[in-house]
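Counting the sequence shown from 1 gives a position; the numbering used here is that position plus 31.
Notes to accompany the following structure.
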Amino acid sequence: MSIQSEKIISLNKRKEAALLGGGQKRIEAQHAKGKLTARERIALLLDPGSFEEFDCFVQHRCTNFGMEDRHFDGDGVVSGRGTIDGRIVYVFAQDFTVNGGSLSKTMSEKICKVMDLALKTGAPVIGLNDSGGARIQEGIDSLAGYGELFERNILSSGVIPQISAIMGPCAGGAVYSPALTDFIFMVEGTSNMFLTGPSVVKSETGEDVDQESLGGAAVHSRKSGVAQFACPDEESLISGIRKLLSFLPSNNMEKAPSLPSDDSPSRLCPNLDNIIPDSDNKAYNMYEVIDSLVDNGDFFEVHRDFACNIIVGFARMGGESVGIVANRPDYMSGVLDINASRKAARFVRFCDAFNIPLVTLVDVPGFLPGTQQEYGAVISNGAKLLYAYGEATVPKITLTLRKAYGGAYIVMSSKHLRSDINYAWPSANIAVMGAKGAVGVLKNISEEEYNELFCNPYRAAERGYIEDVIQPSESRFRIIRALYSLKNKVQDLPAKKHDNLPL
Ligand code: HXC
Numbered sequence: 032m033s034i035q036s037e038k039i040i041s042l043n044k045r046k047e048a049a050l051l052g053g054g055q056k057r058i059e060a061q062h063a064k065g066k067l068t069a070r071e072r073i074a075l076l077l078d079p080g081s082f083e084e085f086d087c088f089v090q091h092r093c094t095n096f097g098m099e100d101r102h103f104d105g106d107g108v109v110s111g112r113g114t115i116d117g118r119i120v121y122v123f124a125q126d127f128t129v130n131g132g133s134l135s136k137t138m139s140e141k142i143c144k145v146m147d148l149a150l151k152t153g154a155p156v157i158g159l160n161d162s163g164g165a166r167i168q169e170g171i172d173s174l175a176g177y178g179e180l181f182e183r184n185i186l187s188s189g190v191i192p193q194i195s196a197i198m199g200p201c202a203g204g205a206v207y208s209p210a211l212t213d214f215i216f217m218v219e220g221t222s223n224m225f226l227t228g229p230s231v232v233k234s235e236t237g238e239d240v241d242q243e244s245l246g247g248a249a250v251h252s253r254k255s256g257v258a259q260f261a262c263p264d265e266e267s268l269i270s271g272i273r274k275l276l277s278f279l280p281s282n283n284m285e286k287a288p289s290l291p292s293d294d295s296p297s298r299l300c301p302n303l304d305n306i307i308p309d310s311d312n313k314a315y316n317m318y319e320v321i322d323s324l325v326d327n328g329d330f331f332e333v334h335r336d337f338a339c340n341i342i343v344g345f346a347r348m349g350g351e352s353v354g355i356v357a358n359r360p361d362y363m364s365g366v367l368d369i370n371a372s373r374k375a376a377r378f379v380r381f382c383d384a385f386n387i388p389l390v391t392l393v394d395v396p397g398f399l400p401g402t403q404q405e406y407g408a409v410i411s412n413g414a415k416l417l418y419a420y421g422e423a424t425v426p427k428i429t430l431t432l433r434k435a436y437g438g439a440y441i442v443m444s445s446k447h448l449r450s451d452i453n454y455a456w457p458s459a460n461i462a463v464m465g466a467k468g469a470v471g472v473l474k475n476i477s478e479e480e481y482n483e484l485f486c487n488p489y490r491a492a493e494r495g496y497i498e499d500v501i502q503p504s505e506s507r508f509r510i511i512r513a514l515y516s517l518k519n520k521v522q523d524l525p526a527k528k529h530d531n532l533p534l
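Set out below in C-alpha cells:
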C-alpha cells in the first residue's frame, strides 16, 4: 500500500471515530432518553448530503481535573454549513455525549466561527442546544467562551435570522444565547431552560420544584413566553424550523422568497360576509378569518400558547410572505394586556427587521384595566407594541373587522402610526370606547345616540383614516392588491445610533 493510501485510511479512521462523539455507550444513553444525537439532528434538519462539517478535529485545551486525558475529536459540538430548501444555513449542534455538551473555550470558538461566517455571508444560524452549561473544569475560559458567543448573537440580531432549538437540559450560560436569538423551539418532556437548576433554587430560596415545572416546554411556551414553539418530539421540532425558514429571507438585505401560489389572489371569501355576530358581546373565530385570507389556509402560528388574546404568525398572500397580527375575540375578548403587547411587539419588530410586510386584523376592546396590569407595567409594555408599529417601515396593511377602541385603536397599526393602507368592514366600530362605557361616563346621552354617531367605520373614513370600507368577502383580494402596490415601498427613520424602545 502506498504511503498516501495509508494516510487516507488513517484520515478516514479518525473521522469515523469523531462521528461517534462521546462513544457508543453515551449515544445509547442519549437514545434511551428519547433524544437524537447532534449528528442525527443535523441530518434531519439539512437537505440530504448538504452538510459540510467544520473543525471535526478540534479538541479542548483544558488540563484541569484530569481533562488532559479526556479528549474527543470535535469536542462537544458539531458545526458547519448546509442547505435547507436549497438555501445556505449555518448550524451548530451541541453533543451531549461529550461532557454533557458543556461549553469549553474551543467549543465556543467553533460556534463563533460559524456565526462569523453566517454574518459575513448573510445566512441564517440555527443552534441545536443540549448542554450542561459552562464546562466546570475550564472555569473562566468557559465563561469567556459564552461571552464571545453572546456578543455575536447581539451583532447578528436584525441582520440574519437566528433560530434556537432546546433539545435537552439547558442551564446557566446555555440559556442566554438562545434568549438573544429570534425564535426558540423546545421539545416537550425532554428539554429545559433555567438559569439555576432545582437544587440551587432549593438551597437559595427553599422552594421545591422539579426541572419540568421550573423550565419545561410548557412553562416557557405558555407562562414565561421565553419559547415561541413547544413541539411534541424532535422530528416535529426540526420540521418546524424548516417551515419557519421558508417564510424568512436569509438576511436583512433580502426579501423573503416568493413562492408561486395556486390559490388565486382574487379568490372571494363568502364566509366572511356572515362571520360577525349580531351582538357585540359575542365572539367569532379569528383563525377562520386568517385561514380564509391567506394562501391555501396555510398559517404558521408563532407563540400559539402564550398570550392567546393576540395571534401572530407567518403566511403567504399572493405567494408573498407576510406577518399576520390579529386580536382574538374569543379569548379574553381580544383585549390587549402586558403579555399580548410583548408578544406582538417582538413579532412586529422581527418582521420589520427582515422586510416582511405586516397585515393587522383588528377587533380590540382596549387595554385590560386593573391593578395587576398596572403594577406589572402595562403602560411600558403596551408602549412596546405602540413603538414597534410606529417604528416599522415595512408595508403595513390594517383591516378593522369590528371593535377598535381608544388607545388600542391607535396601537393596532392605525393610520396615525404610518400604516400604509387601512380598510374596515362595515361592522367596524372605531371609537373612543364602546357605547355602554360612554353612556356611563357622559350620562346625558343614550346608547342609541352614541352608537348612531360613533359606532361605525364612517367617522374614521370621513377623516381619511380608513382608505375604504370594504365588503368582507373581498378582503383577500383587496389586501393582496395593496401588498403588490406596496412592494417598492421606501420609508426612512431619522438618523440615530439606535432607538430607546421602552424596555
Ligand atoms: C462539565 C458536565 C457539565 C458541566 C454535565 N457534565 N454538565 N461536565 N461541566 N457543566 C457531564 C457530567 O459530568 C457527565 O459526564 C455528562 O456530562 C452527563 O451528565 P449527567 O449529569 O450524567 O447527565 P444528566 O443526569 O442527564 O444531567 C444533565 C444535567 C446535569 C441536568 C445537565 O449534568 C447538570 O446539572 N449539570 C450542571 C448544570 C450546571 O449547573 N451548569 C453550570 C451552569 S453555570 P460523564 O463523564 O459522566 O459522561 C453557567 C455559567 C455561565 O453556565 C453563565 C454565563 C452567563
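All residues carry an ideal CB built from backbone N, CA and C; glycine is no exception.
Quick one, which of the options has its alpha-carbon nearest residue i's?
{"i": "L399", "options": "E71, N340 and G80", "result": "N340"}
{"i": "Q125", "options": "G170, I197, K518 and I171", "result": "I197"}
{"i": "P155", "options": "V190, N327 and L186", "result": "V190"}
{"i": "P229", "options": "R253, D499 and G203", "result": "G203"}
{"i": "Y420", "options": "V250, A287 and L532", "result": "L532"}
{"i": "S396", "options": "K446, A469 and L51", "result": "For the record, residue 396 in the displayed sequence is Pro; it is not Ser. Ranking the options by Cα distance to P396, first place goes to A469."}
{"i": "I115", "options": "Y121, D78 and Q90", "result": "D78"}
{"i": "T227", "options": "T212, L324, D239 and F127", "result": "D239"}
{"i": "C262", "options": "A210, D523, G199 and T68", "result": "G199"}
{"i": "L514", "options": "V333, P296, F378 and E59", "result": "P296"}
{"i": "P503", "options": "M443, Q522 and I321", "result": "I321"}
My assumption, with CB atoms under 8 Å, is that residue i sits in contact with residue j. Please give the rounded CB distance.
{"i": "P388", "j": "V425", "result": "5 Å"}
{"i": "I461", "j": "T431", "result": "6 Å"}
{"i": "R72", "j": "L159", "result": "5 Å"}
{"i": "Y315", "j": "D361", "result": "7 Å"}
{"i": "E265", "j": "K427", "result": "Their Cβ separation, rounded to whole angstroms, is 37 Å, which puts E265 and K427 out of contact at 8 Å."}
{"i": "Y496", "j": "K446", "result": "4 Å"}
In this structure, does DSSP put residue i in helix, strand or coil?
{"i": "P301", "result": "helix"}
{"i": "N95", "result": "coil"}
{"i": "A466", "result": "helix"}
{"i": "V218", "result": "strand"}
{"i": "R112", "result": "strand"}
{"i": "K434", "result": "strand"}
{"i": "I341", "result": "strand"}
{"i": "N370", "result": "helix"}
{"i": "Q191", "result": "A small fix is needed here, since residue 191 is Ile in this sequence, not Gln. Residue state, collapsed to three classes: coil."}
{"i": "G54", "result": "coil"}
{"i": "D361", "result": "coil"}
{"i": "Y121", "result": "strand"}
{"i": "Y418", "result": "helix"}
{"i": "F331", "result": "strand"}
Measure the alpha-carbon distance for residue i versus residue j and round it to whole angstroms.
{"i": "C93", "j": "A63", "result": "30 Å"}
{"i": "K274", "j": "K474", "result": "54 Å"}
{"i": "R45", "j": "D100", "result": "17 Å"}
{"i": "D383", "j": "S516", "result": "18 Å"}
{"i": "V353", "j": "I272", "result": "17 Å"}
{"i": "S450", "j": "Q403", "result": "31 Å"}
{"i": "G328", "j": "F345", "result": "11 Å"}
{"i": "A491", "j": "R433", "result": "13 Å"}
{"i": "R335", "j": "A248", "result": "13 Å"}
{"i": "E37", "j": "I157", "result": "37 Å"}
{"i": "L186", "j": "M284", "result": "15 Å"}
{"i": "A371", "j": "Y406", "result": "16 Å"}
{"i": "Q61", "j": "R373", "result": "36 Å"}
{"i": "F260", "j": "S267", "result": "11 Å"}
{"i": "G131", "j": "T221", "result": "14 Å"}
{"i": "Y454", "j": "V500", "result": "6 Å"}
Quick check on the burial criterion: 16 or more other C-beta atoms within 10 angstroms. Buried or exposed for residue i?
{"i": "M32", "result": "exposed"}
{"i": "A466", "result": "buried"}
{"i": "N302", "result": "exposed"}
{"i": "P308", "result": "exposed"}
{"i": "E235", "result": "exposed"}
{"i": "F214", "result": "buried"}
{"i": "G170", "result": "exposed"}
{"i": "D326", "result": "buried"}
{"i": "E351", "result": "buried"}
{"i": "N612", "result": "In the structure displayed, the chain extends from 32 to 534; residue 612 sits before or after that span and is not available."}
{"i": "Y418", "result": "buried"}
{"i": "F17", "result": "As shown, the chain starts at 32 and ends at 534. That puts residue 17 outside it, with no answer to give."}
{"i": "F88", "result": "exposed"}
{"i": "N535", "result": "With the chain represented from 32 up to 534, any question about residue 535 goes unanswered, as that position is not in the structure."}
{"i": "D86", "result": "buried"}
{"i": "P525", "result": "exposed"}
{"i": "T152", "result": "exposed"}
Would residue i count as contacting chain C if we go by Cβ distances under 7 Å?
{"i": "S255", "result": "No chain C appears in this structure, which consists of one protein chain only."}
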